[in-house]
Structures are given as structure tokens and as C-alpha cells.
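Peer 1: Before we start, here is the structure in question, set down as C-alpha cells.
Residue numbers (full-length UniProt numbering): 1 to 543.
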């Protein structure tokens, strides 16, 4: 027979297609269409002309109904007819003639595919199911499935919102957009293998790659971005317990910063730097620094001069040295001498720079030195070191200076006051040294403080710490305030015990124990319990 429109041996397939297409019509035309499909199924159809069987003249009733259908229904019907037209155009023959050329069915039109995709991805059916009567009907039919579906939808929505938030706060973060795309890509991978899927080898590989790319791109090695990247590597190494390599990274960074500052200061002494902070006769441009995302060349600030760079690099050096001191004093390292060396250098550098500015004044473009809080942090770190070495007479003045530099409405100020009180209590009482025989004292001797004086001063600072921590409210109040209250009460108990006031000591220890238990503050609980045991076993005595 050759090629025909459809084989007569498969009328069911065509009838089934007709029923699927005409199922979208309304009820009255559906009755008429079914009889038409039966007639069409009994004989083969040829081409598009045979689709006219679907458009026979309707009755008056159906004609009135058809005129009232909306435009959206007509468009839906046209799509269904297009699908039927595509089905009728299939020309695959069932003939066994081997000489007949096999013709594959054509691909559907692109517009038809787009319409089918739009209909398949449309949320109208889903939204219509959650409206009014439909929602109540679904709930009556299957309440468990409806609740589960709502929970799944809410979960999917929450996951989608989180993914969008993570994308803009992680991949488009300012920390990455300040670098060129290649470096930012390496940093994202390094942070991914550092935080999300921990793999130390891969993380270290991409951190090193990022540093190499920064060097190849000509980025200033003393820019905030590169210095911050090296500090980040040291912080990550510390977090995974690799203290040795963390110390090596910070030591290398500190030496680089110190060397640059020394070279710059020598250039100033040799007269190679003019008043504007630039090298005399210098024509080469300074190393480039990464631009922030979205900034144009006009919006980027002017390059800093040598004095401004010295101020920034020296401040970074102080912070790095303080961090090194804390790492060397860590229980995993315990190198007290190295810790003290770095902390002393940091404090001396801070004080020397303050003195230089008072004598020489602030240079052009130099900017402000470290903030009072930063200076107080360096003093506190050195005080903590002396406290750990039982050198309380050296720790007390450092804590006192840190208190004066700390904001009065800060919870950390109360912590500093507690530290000062403890250092005063633990100071040994020394009698003034007598002058050798036969020599007259050129200066009056300074009267050494007595035990009663030290206890009174320590009690005063402990009370100030308690009052400062209690009066702070609002956003400025943190857990540090509550813990400072518990520590201050415990310190007052120790001071009262040393003064011989057992009842006052017991009262303060009970208050500290109650507050520490409420806060789940384990160190406070331990200290208060030990204090109660100690005063209970001691007979009351007055000093």
C-alpha cells in the first residue's frame, strides 16, 4: 500500500488521542465530539483536511455556548487542536515494503514546545487548590496529606530563601568582590574547604594559590586585603589546631611589616621623603590595590603617601604582635618568654608612637593613631601576661591604664576593674629598703602600701566593677556583664575573707554561686563553692 496517514490496524490510538484533545471542551460539545470521533476512527484520515470533522456545524444551543467562552478557553482549544494536528501528520508506515523509504516523524514546532513548558511550569493549578472552597475540600478529603504538602512547600521556600541569602552574602560578599575574579574564585574554594566541607590539604592549596595570584597580579603586599588574607590563613591554622604553622605565618608577616617600617624611617632620616610623604624624584606608580566591587576609577580614593602607609602598617604590626603574645601564652604552646617579648614590644611601640606625635606632630596624610580601645587592649594583654607570671605589681598599673582608656558604659570595663582588684589583692607587701649606713637619703622614701590599704583599694575596685556591670542595660549589655557581676561578688567574698569578715564573705560567695548557677557559668560556680568551703573551715578572725 505504500505510505498512508494512519494504519487501519490501530484505530484505538487515534480515538484515544481525539478523546484527550476534546476532553478540554465543555460538556455539551463533548457529547457531539464523541460521536464524531467514533466516525473518524472507522476510516483513515488524510492530512489536515480531515480535521474538519471536529468543526461541524454546531446546534443552536452549542453555538450560543461557544460564543460565550472566554479567550483563554479558545486559546487552550487551539493548543489541543495543534497537538491533534501533529499526531495526524505522522507518516510512519506499517508496510513491509523494504524499498519504501523510512520517514521519521517531524519534530514539534518550537512555539508548541514553549506553550507546553509554560503550561507545565505554571503555578495556577497549585494556587487554585489553596483557595477558599478548594482548600476546605482538600482538607476534608485528606487532611494528613494536605498538611504534609504545606509543610513541604514551606520547607522548599525556606531553603530557596536561604540559598539566595547565602549566595549574595557568601559568593558576592565584599571580601571577595574586592579581589579580581581569579583570586576571588580561589578564595571561595579555600573557604569552602575550610568551613563547609573541611579538607585542610585543599584549603591550604587554594590559600597558597590566592597568595600567588595576588603577587602575580601586582597587588600591594602591604595592602589591607593581602595582610588580612595572611592573617586569615593563620587564624584558620589555629582553628584546626596547627599552632606551629600559625605562629610561623604571623611571625613572617610581622617581620615583613617591621622591615618595611624600618626602611621607610631610614629613608626619612636620609632626607629621601619630602613633606608630602612621597619619595623625592619618584616617578613610578605605587603598587595597585584591589578595588571594591562597583567602584569606578574616579570613585577610588587617592593613593596613600608613605606616612599614611607607615601608620597603617605599624598599627597592623602592633595587633599582630599582641596576637603572637597570646598564642605563645596558650596552653598548647606555653612559651612565656616569647609571649612577653612580643607583648612588651607592642606596648612600647604604642607609647613611642604617641610620644613621637606629641613631639613632631602629625605628618601630612598620616591620620589618627590607634583608638583608645586598641591601646587599652595591648595594655590589657601585657597585664594578663604579668598576672600569669605572678608579677602582680607590674600588672596593676597596666590594668589601671586600660580602665582609663576603656569606655565607661562597656561590659569589658567591669572585667578590667575585676582584674585590677585581683592584682591589688595579690600584691606582696614589702617594707621600704633602708639606706646604707653612712649615707644620707637624697630623696624621701616612698611609703609602701600596707595590707589594709591594698585590701581597701581592691574592695573599692570590685564594688565599682559590680556597679558598672549592673547599670548597663539595652543593647550594650552582653553575657560579659552578667559574668562580671558574678566574678565581682566572688572577689568581694575573697577580699572579705582576707580581711577576716567571715559573714560578709559567706554572703558574697552565696550571691555569686546563685548568680553563676542561674547563668550556667561554670568558673563562677567553682570559685564560689571553693570560697564557701574555705571560709566555713576558717575560724573568724579580725586583721
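Every residue, glycine too, gets a C-beta built ideally from N, C-alpha and C.
Among the residues of its own chain, which have a CB less than 6 Å from the CB of residue 531, if the five just before and after it don't count?
Peer 2: 493, 509
Peer 1: Give a yes or no on whether the minimum CB-CB distance between residue 359 and chain B is below 8 Å.
Peer 2: Note that chain B does not occur in the displayed structure, where there is just one protein chain.
Peer 1: State the beta-bridge partners of residue 273 as determined by DSSP.
Peer 2: 279
Peer 1: Please tell me whether residue 411 and residue 316 are closer than 8 Å, where the distance is taken between their beta carbons.
Peer 2: The Cβ atoms of residue 411 and residue 316 do not sit closer than 8 Å to each other.
Peer 1: In the DSSP assignment, find the unbroken alpha helix (DSSP H) run with residue 355 in it and report its ends.
Peer 2: 336 to 360
Peer 1: Alpha carbon to alpha carbon, how far is residue 432 from residue 518?
Peer 2: Low confidence applies here, because residue 432 scores a pLDDT of 46, under 50, leaving its location unreliable; read the following figure in that light. Between the alpha carbons of residue 432 and residue 518 lies a gap of roughly 46 Å.
Peer 1: Is the distance from the Cβ of residue 305 to the Cβ of residue 278 below 8 Å?
Peer 2: yes
Peer 1: What is the rounded straight-line gap between the Cα of residue 145 and the Cα of residue 161?
Peer 2: 24 Å
Peer 1: With distance defined between alpha-carbon atoms, name the residue in 350, 364, 208, 359 nearest to residue 370.
Peer 2: With distances taken between Cα atoms, residue 370 lies closest to 350.
Peer 1: Jot down the residue ranges of each uninterrupted alpha helix (DSSP H) in the segment 357 to 436, minimum 4 residues, whole runs only, in chain order.
Peer 2: Fully enclosed alpha helix (DSSP H) runs of 4 or longer: 372 to 388, 392 to 405, 411 to 425.
Peer 1: Can you tell which of 451, 357, 115, 233 has the C-alpha that lies nearest to the C-alpha of residue 429?
Peer 2: 451
Peer 1: So residue 191 packs on residue 179, CB below 8 Å; how close in whole Å?
Peer 2: The pair is not a contact, with the Cβ atoms about 12 Å apart (cut-off 8 Å).
Peer 1: So, is residue 323 buried or exposed, given that buried needs 16 or more other C-beta atoms within 10 angstroms?
Peer 2: buried
Peer 1: Quick check on residue 453: does DSSP put it in helix, strand or coil?
Peer 2: helix
Peer 1: Per DSSP, what kind of secondary structure is residue 267 in: helix, strand or coil?
Peer 2: helix
Peer 1: Considering Cα atoms alone, identify which of 384, 409, 407 is closest to residue 399.
Peer 2: Distances from the CA of residue 399 to each of 384, 409, 407 were compared; the closest alpha carbon is that of 384.
Peer 1: Mapping the DSSP letters down to three states, classify residue 41 as helix, strand or coil.
Peer 2: For residue 41, the predicted structure reports a pLDDT of 41, less than 50, and the residue's modelled location is therefore unreliable. The matter cannot be settled from this model.
Peer 1: Considering only C-alpha positions, which residue in the set 515, 503, 459, 455 is nearest to residue 483?
Peer 2: 515
Peer 1: Which residues in the same chain as residue 382 place their Cβ atom closer than 6 Å to its Cβ, once the five residues preceding and following it in sequence are excluded?
Peer 2: 343, 347, 398
Peer 1: Using a 10 Å radius around the Cβ and a threshold of 16 neighbouring Cβ atoms, would you call residue 474 buried or exposed?
Peer 2: exposed
Peer 1: Do you know how far the Cα of residue 376 is from the Cα of residue 526?
Peer 2: 29 Å
Peer 1: Whole angstroms are fine: how far does the CA of residue 491 sit from the CA of residue 505?
Peer 2: Looking at the two C-alpha atoms, the distance is approximately 9 Å.
Peer 1: Going by CA-CA distance only, name the one from 524, 522, 500, 523 that's closest to residue 536.
Peer 2: Minimum Cα distance to residue 536 is reached at 500.
Peer 1: Just to confirm before moving on: does the CB-CB distance between residue 229 and residue 204 stay below 8 Å?
Peer 2: no
Peer 1: On the criterion of 16 or more Cβ atoms from any shown chain inside 10 Å, does residue 113 qualify as buried, or is it exposed?
Peer 2: exposed
Peer 1: According to DSSP, simplified to helix, strand and coil, what is residue 54?
Peer 2: Residue confidence for residue 54 is low, a pLDDT of 43 falling below 50, so the modelled location carries little weight and cannot support an answer.
Peer 1: Check residue 477 in the structure and name its three-state DSSP category.
Peer 2: Three-state DSSP puts residue 477 in coil, outside helix and strand.
Peer 1: Given this structure, state the Cα-to-Cα distance separating residue 193 from residue 423, to the nearest angstrom.
Peer 2: 44 Å
Peer 1: Over what stretch of residues does the alpha helix (DSSP H) that includes residue 311 continue unbroken?
Peer 2: 306 to 328
Peer 1: Helix, strand or coil for residue 142 per DSSP?
Peer 2: coil
Peer 1: Tell me, to the nearest whole angstrom, how far the beta carbon of residue 512 is from that of residue 498; I am working on the premise that it is less than 8 Å.
Peer 2: The Cβ separation is near 16 Å, so there is no contact.
Peer 1: Check each candidate in 407, 313, 480 and name the one with the smallest Cα separation from residue 221.
Peer 2: 313
Peer 1: Three or more beta-carbon pairs under 8 Å between the segment 401 to 417 and the segment 458 to 476, yes or no?
Peer 2: yes
Peer 1: Since residue 505 is in the alpha helix (DSSP H), which residue starts that stretch and which ends it?
Peer 2: In the DSSP assignment, residue 505 falls within the unbroken alpha helix (DSSP H) covering 502 to 519.
Peer 1: Got a sec? Which residues, its chain only, sit under 6 Å from residue 250 by beta carbon, not counting five neighbours each side?
Peer 2: Contacts found: 234, 320, 324.
Peer 1: Between the Cα of residue 404 and the Cα atoms of 374, 392, 78, which residue gives the shortest distance?
Peer 2: 374
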